[in-house]
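All remarks here apply to the structure that follows.
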Amino acid sequence: MSFKVAFIGAGSIGFTRTLLRDLLSVPEFGNIQIAFTDINQKNLDMVTQLAQRDIDANGLDIKIESTLDRREALRNAKYVINVVRIGGLEAFEQDVEIPLEYGIDQCVGDTLCAGGIMYGQRGIPAVLDFCKDIREVGAEGCIMLNYANPNAMITWACNHYGQVPTIGLCHGVQHGHQQIANALGLKQEEVDIICAGINHQTWYIKVQHQGRDMTGLLLEAFEKHPEYSRTERVRIDMLRRFGYFSTESNGHLSEYVPWYRKRPDEINEWIDLGVWIDGETGGYLRVCREGRNWFEVDFPNWLKEPPMEYAQEKRSQEHGSYIIEGLENGRVYRGHFNVVNRGVLTNLPDDVIVEVPGYVDATGVHIPVIGDLPLGCAAVCNASISVQRLAVEAAVHGDDMLLRQAMMMDPLVGAVCNPPEIWQLVDDMLIAQEKWLPQYKTAIAKAKERRATEPRIPTRKGYRGAARLREKTVEEMAKDRKAAVKNASATDKAEASPNVE
Numbered sequence: 112m113s114f115k116v117a118f119i120g121a122g123s124i125g126f127t128r129t130l131l132r133d134l135l136s137v138p139e140f141g142n143i144q145i146a147f148t149d150i151n152q153k154n155l156d157m158v159t160q161l162a163q164r165d166i167d168a169n170g171l172d173i174k175i176e177s178t179l180d181r182r183e184a185l186r187n188a189k190y191v192i193n194v195v196r197i198g199g200l201e202a203f204e205q206d207v208e209i210p211l212e213y214g215i216d217q218c219v220g221d222t223l224c225a226g227g228i229m230y231g232q233r234g235i236p237a238v239l240d241f242c243k244d245i246r247e248v249g250a251e252g253c254i255m256l257n258y259a260n261p262n263a264m265i266t267w268a269c270n271h272y273g274q275v276p277t278i279g280l281c282h283g284v285q286h287g288h289q290q291i292a293n294a295l296g297l298k299q300e301e302v303d304i305i306c307a308g309i310n311h312q313t314w315y316i317k318v319q320h321q322g323r324d325m326t327g328l329l330l331e332a333f334e335k336h337p338e339y340s341r342t343e344r345v346r347i348d349m350l351r352r353f354g355y356f357s358t359e360s361n362g363h364l365s366e367y368v369p370w371y372r373k374r375p376d377e378i379n380e381w382i383d384l385g386v387w388i389d390g391e392t393g394g395y396l397r398v399c400r401e402g403r404n405w406f407e408v409d410f411p412n413w414l415k416e417p418p419m420e421y422a423q424e425k426r427s428q429e430h431g432s433y434i435i436e437g438l439e440n441g442r443v444y445r446g447h448f449n450v451v452n453r454g455v456l457t458n459l460p461d462d463v464i465v466e467v468p469g470y471v472d473a474t475g476v477h478i479p480v481i482g483d484l485p486l487g488c489a490a491v492c493n494a495s496i497s498v499q500r501l502a503v504e505a506a507v508h509g510d511d512m513l514l515r516q517a518m519m520m521d522p523l524v525g526a527v528c529n530p531p532e533i534w535q536l537v538d539d540m541l542i543a544q545e546k547w548l549p550q551y552k553t554a555i556a557k558a559k560e561r562r563a564t565e566p567r568i569p570t571r572k573g574y575r576g577a578a579r580l581r582e583k584t585v586e587e588m589a590k591d592r593k594a595a596v597k598n599a600s601a602t603d604k605a606e607a608s609p610n611v612e
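Each residue of the sequence shown is one higher than the one before, starting from 112 at the first, in my numbering.
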């Protein structure tokens, strides 16, 4: 069989190669068409060179179509995999550093909170342009598989405004599943789960082993675990108070709710600095920058490394290749997907993007009705959904009042800042990110006028946060090349690479 898969934002350091390996490990996919597109020629060329070498080494007769022309890459594509980071690390730095001046201390800043909201403002207009191209030049019925964050907001915009069927994909459920099994002293395949909620706030509402409900045993298991009791204190506390374990990492979860990062002198009580994802201030930004710097310097050595092996046993737990395999070959695949709710979770709004169990076969993607989330879990999700809804509408319509309201309603921003501070914060971020926010042209002009004429609320310029670690130099990373390569290949939520579009 032959069909075309296009990667947008393909110049990522490691994620593109991982997803491509997964896809081309399917025996029937040995002659499909692959297209890579990005806005950065240098990164696109490096990743294409590595990926083409992998393909050749595995004996496949596939030539990657690598181009800066997005429409050409999308032409006749049946599947589009979106892995972009609009604004790259330049904008990401602003997502972290500007809120810090106001005391908003984020570990990641790409899903909710001030950073995630602004990331959505940049990403949504871009993906709606992608959708327009897909409608005009893609194959009929083309499906987008979205890995870009903020995943729920991007997937929401594509489905509701882009008119392209889009499934949001994330590996948080798989990672939490592994942790639950480890805490219980079991293998992952021995533990059955039902996980439901919204992306990065998905709850393991049923955990079973050989038909026995293990949900009530999780708190004690995590509290007694020698590693998790230290690294997952926020998640354990949420489990203690809401009754269910949540998917996302300790650092991520800490910035989605109002309780754990609002007082600088308390932040270190809830986090661990052994691994960035456990709560380090700006941790993801640090490792992304380290990974980018190392890859650019060390790239010639990457070409000397053994090529990736395309084999079933080498496939990752990322859902994308399995979804395409199920749709094309009919092999049933069960996973957790981000889709429009449509009554699946009955106490969340029908139009929102939920992350829920589903299965794929040759007839399509099928999502069973789960029913009500536990009331407390639904309340946590609904708080974030209100922010998402405001942020999506703001991004689509360029409405800075909705953007300001999204910031006010965000749990952590609202816990740290008062309304005048939030208004000034939004002005600062709009001005700083002007080149990525064409929909806010009028609002940015007014923000500049206010900055020039009105008294300014004092901020903590240069504040580094409560738990900041120093970025390593290339020379320091060179002392442990193995660790540096692992970091550069694995900085997207400790699994895949940062996107560099």
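Idealized CB from N, CA, C, for every residue including glycine.
Selected residue, minimal CA-CA separation from residue i, among the options
i	options	result
Ile291	Leu329, Ala263 and Val465	Leu329
Lys559	Cys306, Leu364 and Leu541	Leu541
Ile192	Ser495, Ile245, Lys590 and Trp370	Ile245
Ser136	Glu436, Thr392 and Val491	Glu436
Glu407	Val195, Ala237, Tyr339 and Leu155	Leu155
Arg515	Asp461, Ile254 and Ala505	Ala505
Ala184	Phe147, Arg592, Asp521 and Lys317	Phe147
Ala517	Glu204, Cys224 and Met419	Cys224
Arg581	Leu171, Val398, Pro411 and Asp521	Val398
Glu366	Ala250, Leu239, Glu201 and Gly220	Gly220
Glu338	Asp303, Lys317 and Asp389	Asp389
Asp483	Asp240, Ala307, His286 and Val248	Ala307
Phe118	Gly322, Lys583 and Phe241	Phe241
Val455	Ile434, Gly431 and Ala489	Ala489
Asp462	Asp348, Gly469, Ala473 and Asn449	Asn449
The beta strand (DSSP E) enclosing residue i, as first and last residue numbers
i	result
Phe140	Per DSSP, Phe140 belongs to no beta strand (DSSP E) and is neither H nor E.
Gly469	Ile464 to Asp472
Tyr421	Counting along the chain, Tyr421 falls outside any beta strand (DSSP E), and DSSP gives it neither H nor E.
Gln321	Looking at the DSSP string, Gln321 is not in any beta strand (DSSP E), and its letter there is neither H nor E.
Asn193	Tyr190 to Asn193
Phe333	No beta strand (DSSP E) holds Phe333; the alpha helix (DSSP H) holding it covers Leu329 to Lys335.
Nearest-angstrom Cα separation, counted from residue j out to residue i
i	j	result
Val480	Leu211	41 Å
Gln552	Ile464	This sequence places Lys at residue 552; Gln is not what is there. Whole-angstrom Cα-Cα distance: 29 Å.
Met325	Ala294	11 Å
Gln217	Glu532	17 Å
Asn187	Ser123	23 Å
Leu297	Gln319	11 Å
Thr636	Ala599	Absent from the model: residue 636. The displayed extent of the chain is 112 to 612, so no value can be given.
Tyr258	Val194	5 Å
Arg352	Glu334	13 Å
Ile145	Ala121	11 Å
Gly279	Gly385	30 Å
Glu300	Leu548	45 Å
Leu131	Val498	34 Å
Ala263	Gln274	16 Å
Glu545	Arg561	15 Å
Environment of residue i [buried if 16+ CB atoms lie within 10 Å]
i	result
Ser113	exposed
Arg445	exposed
Lys189	buried
Ala556	exposed
Ala589	exposed
Lys415	exposed
Asn379	exposed
Gln232	buried
Asn412	exposed
The alpha helix (DSSP H) enclosing residue i, as first and last residue numbers
i	result
Gln397	First, the residue type needs correcting, since residue 397 is Arg and not Gln in the sequence shown. Looking at the DSSP string, the run of the alpha helix (DSSP H) that includes Arg397 is Gly394 to Trp413.
Glu366	Asn361 to Tyr367
Lys559	Lys552 to Thr564
Tyr433	Gly431 to Asn440
Asn379	Pro375 to Trp381
Phe353	Arg344 to Phe353
Glu545	Segment: none, Glu545 is in no alpha helix (DSSP H) and carries neither H nor E.
So within the region 206-267, which uninterrupted alpha helix (DSSP H) runs reach at least 4 residues, ignoring any that extend past its ends? 224-248
At which residue ranges does the region 445-532 contain complete beta strand (DSSP E) runs of 3 or more residues, listed in the order of the chain? 464-472 and 475-477
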